[in-house]
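Trainee: Got a structure for you, questions after.
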Amino acid sequence: MTDQQTRLLIFGAGVIGSTYAQSFVAAGYEVTLLARGKRLQELRENGLMYNEKGVTKRAHVEVIEKLEVDDIYDFIFVPVRYEQAESALLGLKDNQSETIVTLINNPSGYEKWSQILGGKRLLPAFPSAGGEIKNGILYSQYGPKMIQKTIFGEIDGQISERVKRLAGIFKEAKIGAEVVREMDAMQKTHVALVAALTKDIYLQTRLKTPAEVTDKESIRKMAWTIKNYLKALERSGVKITPSKLKILALMPVGLLSFTLKWIFSAKMTREVLFSDHAMNFKAEVELMNADLLAFYAENDILEAHWDTKLI
Numbered sequence: 001m002t003d004q005q006t007r008l009l010i011f012g013a014g015v016i017g018s019t020y021a022q023s024f025v026a027a028g029y030e031v032t033l034l035a036r037g038k039r040l041q042e043l044r045e046n047g048l049m050y051n052e053k054g055v056t057k058r059a060h061v062e063v064i065e066k067l068e069v070d071d072i073y074d075f076i077f078v079p080v081r082y083e084q085a086e087s088a089l090l091g092l093k094d095n096q097s098e099t100i101v102t103l104i105n106n107p108s109g110y111e112k113w114s115q116i117l118g119g120k121r122l123l124p125a126f127p128s129a130g131g132e133i134k135n136g137i138l139y140s141q142y143g144p145k146m147i148q149k150t151i152f153g154e155i156d157g158q159i160s161e162r163v164k165r166l167a168g169i170f171k172e173a174k175i176g177a178e179v180v181r182e183m184d185a186m187q188k189t190h191v192a193l194v195a196a197l198t199k200d201i202y203l204q205t206r207l208k209t210p211a212e213v214t215d216k217e218s219i220r221k222m223a224w225t226i227k228n229y230l231k232a233l234e235r236s237g238v239k240i241t242p243s244k245l246k247i248l249a250l251m252p253v254g255l256l257s258f259t260l261k262w263i264f265s266a267k268m269t270r271e272v273l274f275s276d277h278a279m280n281f282k283a284e285v286e287l288m289n290a291d292l293l294a295f296y297a298e299n300d301i302l303e304a305h306w307d308t309k310l311i
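Under full-length UniProt numbering, the residue at position 311 of the sequence shown is numbered 311, and the numbers go up by one with no gaps.
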């Protein structure tokens, strides 16, 4: 049964934040969205508008532009891009809420984020939703539960009371979720794959076309990059998580190239990677890749060309 007294804040009203907000509202939770600019105006005028099976519906959420220090929530969710993370967390530094759930990619570990927030407020997570907002209406979905769940867990791997409580909230909201004991390894593995898959998709002013990405030379270079990034993780002392992804590092490059070409032919992949909004993620991908390479360099792994047989 939903705990009506639980207060949830979504610190950012983009696609991911709006998707989770809608799910929490549907489960009966008290939800507040912090938004700015055009999105703030849309939410104040129309509420949270979303598409469900071709029908436009409205979810009632409280909307704020500024978070006061003494405005306390049980969980504050931060669904922003990686390059926006520190700025967002600085905006939460003085608020008295005890748990900040970061729905953000992270290849760099949690030390800096924890220092910003202080204490043990940080609860890292990673989202499983995607989509777009068109004309103020949210069009989004969660990934298939068998493939992509919302993952979260304490930095030290403990199954704390707040982790159990958050798991219950996700269950009530019918959001596929999984508690992970090795969040840092999981996130580094995820970033290694995302960076290897996407870092060469972006040209200076445009995306490469699917044909450019999947030509024989490009896809082979991508396969080598994936294998080398994963091997570099292991050499850096990071356990590939989940362990089933080790097969990508072991797979012959020809077979991996074939697999990647099949992945890029899928409708869902093309909708995500080659959408009208995909260029918005260029800065995030570039920063994640740079920070991942910096992590490798700290562990004395320096390579000039990751897309050839090196490691």
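C-beta: ideal position from N, C-alpha, C; glycine also.
Taking the alpha-carbon positions, what's the residue 139 to residue 59 distance?
Mentor: Straight-line Cα distance between these residues: approximately 13 Å.
Trainee: Have a look at residue 248 and residue 282 and give me their C-alpha separation to the nearest angstrom.
Mentor: The alpha-carbon atoms of residue 248 and residue 282 are separated by roughly 25 Å.
Trainee: Quick check: the Cα distance between residue 238 and residue 160, rounded to an integer number of angstroms?
Mentor: Near 23 Å, if we compare the C-alpha coordinates of residue 160 and residue 238.
Trainee: With the cut-off set at 8 Å, would you say residue 122 and residue 110 are in Cβ contact?
Mentor: Against a cut-off of 8 Å, the Cβ pair of residue 110 and residue 122 comes out as a contact.
Trainee: Under 7 Å Cβ to Cβ from residue 16, same chain only, skipping five residues before and after it: list those, please.
Mentor: For residue 16, where only same-chain residues beyond five positions count, the Cβ hits under 7 Å are 79, 103, 127 and 129.
Trainee: Which term fits residue 81, buried or exposed, when burial requires 16 or more other beta carbons within 10 angstroms of its beta carbon?
Mentor: By the neighbour-count rule (16 or more Cβ atoms within 10 Å), residue 81 is buried.
Trainee: Whole-angstrom Cβ separation of residue 43 and residue 9, contact assumed at under 8 Å?
Mentor: Incorrect: roughly 14 Å between the Cβ atoms, too far for contact.
Trainee: Confirm, please, whether the CB-CB distance from residue 213 to residue 201 is below 8 Å.
Mentor: Going by C-beta atoms, residue 201 is nearer than 8 Å to residue 213.
Trainee: Thinking residue 240 and residue 250 are a contact (beta carbons under 8 Å), I'd like their distance in whole angstroms, please.
Mentor: Wrong, their Cβ atoms sit about 10 Å apart, outside the cutoff.
Trainee: For residue 253, which residues in the same chain have their Cβ closer than 8 Å to its Cβ, ignoring the five residues on either side in sequence?
Mentor: 220, 223, 224, 227 and 309, listed in sequence order.
Trainee: Pairing CB atoms from the segment 287-296 with CB atoms from the segment 105-120, are three or more of them under 8 Å?
Mentor: Segments in contact, yes.
Trainee: Could you tell me which residues DSSP puts in a beta bridge with residue 100?
Mentor: Bridge partners of residue 100: 76 and 122.
Trainee: Look at the alpha carbon of residue 7 and the alpha carbon of residue 143, and state the distance between them as a whole number of angstroms.
Mentor: C-alpha separation (whole angstroms): 26 Å.
Trainee: Report, in whole angstroms, the separation of the C-beta atoms of residue 133 and residue 101, which I expect to be a contact under 8 Å.
Mentor: Incorrect: roughly 21 Å between the Cβ atoms, too far for contact.
Trainee: I need the DSSP call for residue 141, collapsed to helix, strand or coil.
Mentor: Three-state DSSP puts residue 141 in a strand.
Trainee: From residue 211 to residue 255, what does the alpha carbon distance come to, in whole angstroms?
Mentor: Approximately 19 Å between the Cα atoms of the pair.
Trainee: Quick check on this structure: which residue in 62, 40, 19 and 192 has the alpha carbon closest to the alpha carbon of residue 30?
Mentor: Comparing Cα-Cα distances from residue 30 to each of 62, 40, 19 and 192, the minimum goes to 62.
Trainee: Going along the chain, which residues of its own chain have a beta-carbon closer than 6 Å to the beta-carbon of residue 284, five neighbours each way excluded?
Mentor: Result list for residue 284: 81, 82 and 83, in chain order.
Trainee: Tell me the residue span of the beta strand (DSSP E) that contains residue 304.
Mentor: Premise fails: residue 304 is in no beta strand (DSSP E) and is neither H nor E.
Trainee: Expressed to the nearest angstrom, what Euclidean distance is found between the alpha-carbon atoms of residue 11 and residue 67?
Mentor: One C-alpha to the other measures close to 9 Å.
Trainee: Please report the distance separating the alpha-carbon of residue 174 from that of residue 303.
Mentor: Each residue's alpha carbon lies about 44 Å from the other.
Trainee: Could you give the DSSP three-state label for residue 50: helix, strand or coil?
Mentor: It is a strand residue.
Trainee: With DSSP collapsed to three states, give me the class of residue 25.
Mentor: Residue 25 falls in the helix class under three-state DSSP.
Trainee: For residue 95, count neighbouring Cβ atoms within 10 angstroms of its own Cβ and tell me buried if that reaches 16, exposed if not.
Mentor: It counts as buried.
Trainee: Once the 5 residues before and after residue 301 are set aside, which same chain residues still bring their CB inside 7 Å of it?
Mentor: The residues are 232, 235 and 236.
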